[in-house]
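In the numbering used here, the protein residues as written are 46 to 482.
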């Protein structure tokens, strides 16, 4: 028996950032495009999938569904013959493993007519099937790429050269990316894969120079969303574990060799898994050096003065490469942030601001079902179809601990560095002469 029939009112196509039912003329699918319906299955089992459509030419259809972990399951493929009228075609069977919400999709992989006119999909199976309505989503962009949530820690430290922040992935999904960001770049984290540092080239376009790399660290240049240098440490970052990231900047002021000055960025990573209680007295841990890169301009972390700008370090969480970001919750907690001028004496952050710009991004302070931890750890999240009660920015003052974590107190001894910037014996390559600056 038929257990569900759905038109294009709540179908979406991420490639064109549109809800299909809003198109004029609507119900249109072209080669390479994929249309999704978020269907609610109350029972596991085999469901036959039917498509009511008009193939303008001989058309190859791929169909299937996406698991909650965002693994794509292709159920089959079928060639639809050209038709001059709308006709119902049986595509095949969806083997639904358990009761849950699944994006069910159809995709044109080949067509002599280049387009397909869609009316409805329908299913027969063991139980009723419902659909997630998309009427509350103002633009389908937030389906393809759930609106990011942002965070920023503020310090009164004047012109700090060191920034430290901690991170816990509290609920992760594939295609999740989160950062600890700063002026000029960010530390990027992908659970189960890697952590690393990305630094953009200077605004003048002069390429960065890699000065040092840590053990097993891989480097490459990138040219999307700007150009720059990326360091990747193949470390199996885990969900639910506390980690720390150290950032350092060094400056060479403007001179005849460096007309725009120089900022050298270094970063370290520390795994605090054996003591994840958020206490500030955990035993000493091993710092892993990620790398050091030279950027041909002057950047800092801020002035530490409210009349100009507080010093700060920020970050965000997003799902950069999925078609169904609105369905699955991604959460991180960040906090325990510290700044230092010399890497020896440390100042705690005075406040943390969390910004939720869209109804499907949230933080503990916004009234969503997310937690506020000790030591200013705030959980913030995107996706999951849970409406944020109060979107906006939330600033929380920090009840700062008196002493920094032990591993910060010993950082300078373990990770040897000069207290003052030493101008390294490295010159600008010939292709980076003044006419490029």
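Each residue gets a CB set at the ideal place from its N, CA and C atoms; glycine is no exception.
Computed from a prediction, not measured in an experiment: that's the story for all the values here.
- The segment 112-122 makes no contact with the segment 170-179; the number of CB pairs closer than 8 Å stays below 3.
- In the structure shown, the three-state DSSP call for residue 216 is strand.
- For residue 46, the three-state secondary structure derived from DSSP is coil.
- As computed with DSSP, residue 202 is found in no beta bridge at all.
- Cβ atoms of residue 379 and residue 423 come within 8 Å of each other, at about 7 Å.
- Residue burial annotation: residue 452 is buried, with at least 16 other C-beta atoms found within 10 angstroms of its C-beta.
- Under the DSSP definition of a beta bridge, residue 395 lacks any partner.
- Secondary structure of residue 440 (DSSP, three-state): strand.
- For residue 457, the enclosing alpha helix (DSSP H) has its first and last residue at 456-459.
- In the DSSP annotation of this structure, the continuous segment of the beta strand (DSSP E) that includes residue 83 starts and ends at 79-86.
- One thing to note: residue 79 has its Cβ within 8 Å of the Cβ of residue 150.
- Per DSSP, the unbroken beta strand (DSSP E) holding residue 135 starts and ends at 132-141.
- Nearest in C-alpha terms to residue 260, of all of 300, 333, 297, is 333.
- Cβ contact annotation for residue 51 (same chain, cutoff 7 Å, sequence separation greater than five): 82, 165, 166, 176, in chain order.
- The secondary-structure analysis by DSSP pairs residue 210 across a beta bridge with 290.
- Rounded to the nearest whole angstrom, the C-alpha separation of residue 365 and residue 222 is 7 Å.
- With a cut-off of 8 Å on Cβ pairs, the segment 200-207 is not in contact with the segment 241-251, counting fewer than three such pairs.
- In this structure, the straight-line span from the alpha carbon of residue 271 to that of residue 255 is close to 17 Å.
- Annotated three-state conformation of residue 278 is strand, per DSSP.
- Short of 8 Å from the beta carbon of residue 382, and not among the five residues preceding or following it, lie these beta carbons of its own chain, in chain order: 198, 200, 208, 209, 210, 211, 358, 393, 394, 397, 421.
- Apart from the 5 residues on each side of it in sequence, residue 148 sits with its Cβ closer than 8 Å to the Cβ of 81, 82, 83, 84, 110, 111, 368, 369, 372 in its chain, given in chain order.
- Within the same chain, 264, 276, 336 come within 7 Å of residue 258 by CB-CB distance, once the 5 residues on both sides are set aside.
- Counting along the chain, no beta strand (DSSP E) covers residue 128, and no H or E run does either.
- In this structure, the straight-line span from the alpha carbon of residue 340 to that of residue 360 is close to 20 Å.
- Taking C-beta atoms as the reference points, residue 127 and residue 102 count as a pair closer than 8 Å.
- In chain order, 344 place their CB closer than 6 Å to the CB of residue 228, counting only its own chain and leaving out the 5 sequence neighbours on each side.
- Secondary-structure assignment with DSSP links residue 362 through a beta bridge to 194, 223.
- Nearest to residue 315 by alpha-carbon distance, out of 86, 362, 301, 234, is 234.
- With respect to the 8 Å criterion, residue 356 and residue 202 are classified as neighbours on the basis of their beta carbons.
- At the C-beta level, residue 267 and residue 240 stay beyond 8 Å of one another.
- In this structure, residue 214 keeps its C-beta atom at 8 Å or more from the C-beta atom of residue 232.
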